[in-house]
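Student: One structure, pasted below without further comment.
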Amino acid sequence: MEQQDIRDLLQQVKDGAVSTDEALTKLKLAPFEDIDIAKIDHHRGLRQGASEIIYGASKTPEQIDIIAHRMYESGQKTILITRMSQEAADYFNKDVPFTYYKEGRIGLVGDMIKPRQKGYILVATGGTSDIPVAEEAALTAEILGNNVKRLYDVGVAGIHRLLAHTEDIMNARVIITIAGMEGALASVVGGLADCPMIAVPTSVGYGTALGGVTALLSMLNSCASGVSVVNIDNGFGAGYQAHLINNMEG
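Take any residue in the sequence shown, count from 1 to its spot, add 283: that is its number in the working numbering.
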């Protein structure tokens, strides 16, 4: 149950369309539901503004199917499934609205939330190899109700490619920079932007990239102000954080 659902329910009580006892029953059912394989947090949307998100990695296709269907049946209109394999997507029972985004390994049950803000989140990558993580970030932000612009393969090895999009960088409300190797893109973009920036190190790179550790340390040591860093390959975390920033009141 999300914040808008509560507002709608209270308005229905005010209008006399729903009795106070009926409303109380709906609220009692909201906190969480134990379905043996999971305890579904139906109150997540009310507390945090976005419904519980299903982390698909390490879950079986059957478990994902059961959890997502139960959430949808309980009234959640937008359900995001991250790190969802093609196998799980093929298995998923399509008796509910379902879309699978292969490149970002994202499953969506229901519909994307309509954006509240006119501005956009910019998602930029150092290289084409970073796009899977970037798509996880971009799709997370889009599904949660944000306008997103993609700016791919603009790494520092050919910095003129990045500088050709300076206007997009300077007009963004939030920027997500995604890069492996030495992770220098975060510092360069951070020096051009006046908005919050979230850096995502990826595991892309040769031996001493150390599976993303080198990029992570580089981003953490960025001399550009306003740069925050999430975990290696954590596109979802960056997309979710950018969503929260983009929709802050005031």
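All C-beta atoms in this analysis are idealised placements derived from N, C-alpha and C, irrespective of residue type, glycine included.
Can you tell me whether T408 sits near the ligand PLP, meaning its C-beta is under 7 Å from at least one heavy atom of the ligand?
Tutor: This structure does not include the ligand PLP; it has no bound ligands of any sort.
Student: Would a C-beta distance cut-off of 8 Å place T537 and A498 closer than the cut-off?
Tutor: The requested residue 537 is not part of the displayed model; the chain covers only 284 to 533.
Student: Using DSSP bridges, identify the partner residues of N430.
Tutor: Bridge partners of N430: Y403.
Student: Distance check for F519 and Q295, CA to CA, integer angstroms please.
Tutor: Between Q295 and F519, the C-alpha separation is close to 35 Å.
Student: Which residue spans inside the stretch 358 to 389 form an unbroken beta strand (DSSP E) run of at least 3?
Tutor: Fully enclosed beta strand (DSSP E) runs of 3 or longer: 361 to 365 and 381 to 384.
Student: Could you check if G522 is buried or exposed, using at least 16 other CB atoms within 10 Å of its CB as the buried criterion?
Tutor: G522 comes out buried.
Student: CB-CB under 6 Å to L363, same chain, minus the five flanking residues each way: which ones, in chain order?
Tutor: Excluding positions up to five away in sequence, the list reads I336 and I426.
Student: What do you reckon, are the CB atoms on V416 and V483 nearer than 8 Å?
Tutor: Taking 8 Å as the Cβ cut-off, V416 and V483 qualify as a contacting pair.
Student: Within its chain, find whatever has a CB closer than 7 Å to the CB of S514; leave out the 5 residues flanking it on each side and keep chain order.
Tutor: It is Asn, not Ser, that sits at residue 514 in the sequence shown. Within the same chain, N514 has close Cβ partners G520.
Student: If we require 3 or more residues per run, which beta strand (DSSP E) segments fall completely within the stretch 442 to 487?
Tutor: Those beta strand (DSSP E) runs which fall completely within the stretch 442 to 487 and span 3+ residues are 457 to 462 and 480 to 484.
Student: Does the stretch 399 to 410 come within contact of the stretch 430 to 449, defined as at least 3 CB pairs closer than 8 Å?
Tutor: In short, these stretches touch, since the Cβ pair count reaches three.
Student: Who are the Cβ neighbours of T303 in its own chain at under 7 Å, not counting the five residues just before and after it?
Tutor: Counting only Cβ-Cβ distances below 7 Å, and skipping sequence neighbours, we find V296.
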